[in-house]
Amino acid sequence: MKNEGRNIFSVFDELLQQEDKEKLLGQKGVTLWMTGLSGSGKTTIAKVLEKKLHQQKFLTQILDGDNIRAGINNNLGFSPEDRTENIRRIAEVSKLFNHCGVITINCFVSPTIEIRNAAKAIIGEGSFIEVFINTPIEVCEARDVKGLYAKARKGEIKDFTGINAPFEAPNSPELNILTEGKSPEENAEEIINFLIPKISLKE
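Here this note's numbering runs 156 ahead of the position in the sequence shown, where the first position is 1.
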């Protein structure tokens with residue numbers, strides 16, 4: 157056959173590249189990986205950040221436990237293996253968003269340096285921005301909106317990060333956001349001031 161041995165599918169260099177899509181949007185596709193204890197304020201800050209970026213005409217997507225666990229990862233539990241697979245899938249989805257030039261804002265405890273490094277390896281060092289939402293455990297526990305810390309203290313939740321499972325703080329995050337005594341708006345503004353020069357391709 158004439159085409160025998162030829163790949164009938166498009167090769168990657170025939171597809172639009174990330175730079176083409178970034179030029180269209182006027183922004184660089186990156187992933188903000190927001191790590192911190194449960195109750196540290198990751199998702200609250202992310203929602204404020206998303207609105208502020210939207211007002212400045214930046215296209216974003218928030219990924220957190222609610223939209224990931226309810227959809228693409230709804231078949232995963234909380235075993236060590238499932239937690240690892242959860243982060244792997246999140247990183248792969250983030251990489252796809254970044255390829256489209258979208259700024260992805262991820263809000264996950266992701267408690268170990270190893271698991272965050274694995275996500276960084278998938279997404280790519282140049283597109284991965286680690287943001288430590290640095291909130292003391294006493295503050296997180298005082299909020300305890302879902303009652304998770306109370307249940308963990310009673311032994312009703314096993315391997316709960318910060319109580320009976322460790323949290324490894326980032327050694328050198330791109331951003332260390334100290335939340336105590338500050339509003340989510342102030343925290344989001346600090347992230348924006350750091351982020352805009354890195355992502356803006358607007359004239």
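Even glycine gets a Cβ: it sits at the ideal position worked out from N, Cα and C.
Because the structure is a prediction, the values reported are computed rather than measured.
Cut-off 8 Å between Cβ atoms - residues of its own chain near residue i, not counting five sequence neighbours on either side
i, result
"TYR305", "SER194, GLY195, CYS296, GLU297, PHE316, GLY318, ILE319"
"ILE362", "Absent from the structure is residue 362, since the part of the chain shown begins at 157 and ends at 359."
"ILE347", "LEU188, ILE201, LEU205, VAL287, LEU331, ILE333"
"GLU248", "ILE278"
"LEU180", "GLY257"
Simplified DSSP state of residue i, which is helix, strand or coil
i, result
"THR291", "coil"
"PHE350", "helix"
"ASN229", "coil"
"GLN174", "helix"
"PHE214", "coil"
"GLU256", "First, the residue type needs correcting, since residue 256 is Cys and not Glu in the sequence shown. Coil."
"ASN327", "coil"
Identified DSSP bridge partners for residue i
i, result
"SER356", "GLN183"
"ALA321", "THR317"
"GLU286", "TRP189"
"CYS296", "DSSP output for CYS296 lists no bridge partner at all."
Inter-residue CB distance, residue i and residue j (contact presumed, cutoff 8 Å)
i, j, result
"ILE333", "ILE289", "5 Å"
"THR191", "ARG272", "6 Å"
Specify whether the stretch 174-184 and the stretch 341-358 touch according to this definition: at least 3 beta carbon pairs, one from each stretch, less than 8 Å apart.
Touching, per the Cβ criterion.
Three Cβ pairs or more, each shorter than 8 Å: is that satisfied between the stretch 257-269 and the stretch 204-224?
yes
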